Amino acid sequence: MSTTKVPDVGSAPSAAGSQDTTALLELRGLEVFYGAIQALKGVDVTVREGEIVTLLGANGAGKTTTLRTVSGLLRPRVGEVVFEGERIDGIPAHHVVGLGIGHSPEGRRVFPTMTVLENLQMGAYRFKDVPKAELERVYELFPRLHERRTQMAGTLSGGEQQMLAIGRALMGRPRLLLLDEPSMGLAPLIVAQIFAIIQEINAQGTTVLLVEQNAAQALALSDRAYVLETGSVMMSGPASDLLADPRVREAYLGEGAA
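Residue 247 in full-length UniProt numbering is what sits at position 247 of the sequence shown, and the numbering runs on without skipping anything.
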């Protein structure tokens with residue numbers, strides 16, 4: 001894709017200059033660095049209550065960095081992360097979880113020498129007692145995890161580990177769920193199952209901010225989307241508009257995609 005910045009393809013407002021009181025999450029002018037290398041360059045993103053919002057972009061575009069900044073694993077040098085109207089940039093990651101933000105990271109990052117149940121219990125560490133309702137919800141969403149609950153996480157298949165990573169994030173009762181490449185390395189049938197479960201999680205009331213390389217499925221699932229290139233938002237708008245945009249189709253669906 002061209003690196004020339006283009007306006008939104010739809011009517012969805014940018015977080016910059018917008019005081020949208022319905023916003024659950026606002027990223028305002030984020031600039032994030034790894035040493036001397038700037039990874040995010042003035043990123044503005046808004047996620048409203050109840051939405052699924054997707055971040056698209058090539059490797060190195062800044063998608064994972066954006067999620068890590070929201071969850072407190074990285075701190076912006078410039079800009080603000082605002083959740084439910086309050087700034088949270090600078091708050092330690094283990095406290096961000098307590099605010100209602102769950103993060104299923106790229107690569108799943110399960111604890112391989114712990115059982116499935118122990119991994120899920122780790123997701124509920126902020127509670128004095130593991131909430132039974134959340135555990136039952138996870139088992140209902142992912143019956144395979146209930147079947148494997150005493151099995152070591154490191155022996156699970158890739159799809160089962162992805163289910164576990166999402167389930168672990170849900171154990172903290174998040175209002176906002178950050179999902180980083182949930183379909184990576186999975187067979188098409190498992191990918192379809194994961195996307196169906198993401199829809200169900202959202203239907204149950206959890207807002208989702210999704211990073212995904214599978215652009216067609218992600219856009220079909222989402223309300224709105226942002227396209228990142230080399231640390232900047234280059235396009236944004238309703239997901240259906242981006243899915244129909246020839247620039248997006250050429251860059252992420254293959255030139256001449258039907």
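Quick reminder that beta carbons are idealized off the backbone N, C-alpha and C, glycines included.
This one's a predicted model, so the numbers in the text were calculated from it and none came from an experiment.
Can you tell me which of the three DSSP states residue i falls into?
i       : result
Val-116 : helix
Val-248 : helix
Ala-239 : helix
Val-208 : strand
Ile-52  : strand
Leu-99  : helix
Ala-153 : helix
Arg-144 : helix
Ala-93  : helix
Lys-63  : helix
Gly-185 : coil
Gly-57  : coil
Check for me: the alpha helix (DSSP H) holding residue i runs from which residue to which?
i       : result
Gly-158 : 158-170
Thr-28  : Contrary to the premise, residue 28 reads as Arg rather than Thr in this sequence. Arg-28 -> not in any alpha helix (DSSP H); beta strand (DSSP E) instead, spanning 23-34.
Phe-195 : 188-203
Gln-217 : 215-221
In terms of DSSP beta bridges, what is residue i paired with?
i       : result
Ser-104 : Leu-179
Ser-232 : Glu-229
Arg-87  : Val-82
Leu-40  : Val-32
Val-110 : In DSSP, Val-110 forms no bridge with anything.
Arg-224 : Val-53 and Pro-238
Where do the ends of the beta strand (DSSP E) carrying residue i lie?
i       : result
Glu-136 : Element bounds for Glu-136: not the beta strand (DSSP E) but the alpha helix (DSSP H), 132-141.
Gly-72  : From DSSP, Gly-72 is part of no beta strand (DSSP E); its letter is neither H nor E.
Gly-79  : 78-83
For residue i, decide whether its Cβ has a neighbour in chain E, counting only Cβ atoms nearer than 8 angstroms.
i       : result
Ala-124 : Going by chain labels, chain E is absent from the structure shown, which holds only one protein chain.
Touching or not, the region 113-123 and the region 60-79, by the rule of three or more beta carbon pairs under 8 angstroms?
no
Would you be able to state if there are at least three C-beta pairs under 8 angstroms between the region 204-212 and the region 27-36?
By the Cβ rule, the region 27-36 does not count as touching the region 204-212, because fewer than three pairs are nearer than 8 angstroms.
Looking at C-beta atoms only, is the number of pairs between the region 91-101 and the region 164-176 that lie closer than 8 angstroms three or more?
yes
If you pair each beta-carbon of the region 190-206 with each one of the region 150-166, do three or more pairs fall below 8 angstroms?
yes
Indicate whether the contact test is met: 3 or more Cβ pairs, each with one atom in the region 178-189 and one in the region 140-156, closer than 8 angstroms.
no
Are three or more beta carbon pairs between the region 224-243 and the region 53-68 nearer than 8 angstroms?
yes
Within 8 angstroms, do at least three Cβ pairs link the region 217-224 to the region 232-241?
yes
Closer than 8 angstroms is the cut-off here; do at least three beta carbon pairs connect the region 73-89 with the region 23-33?
yes
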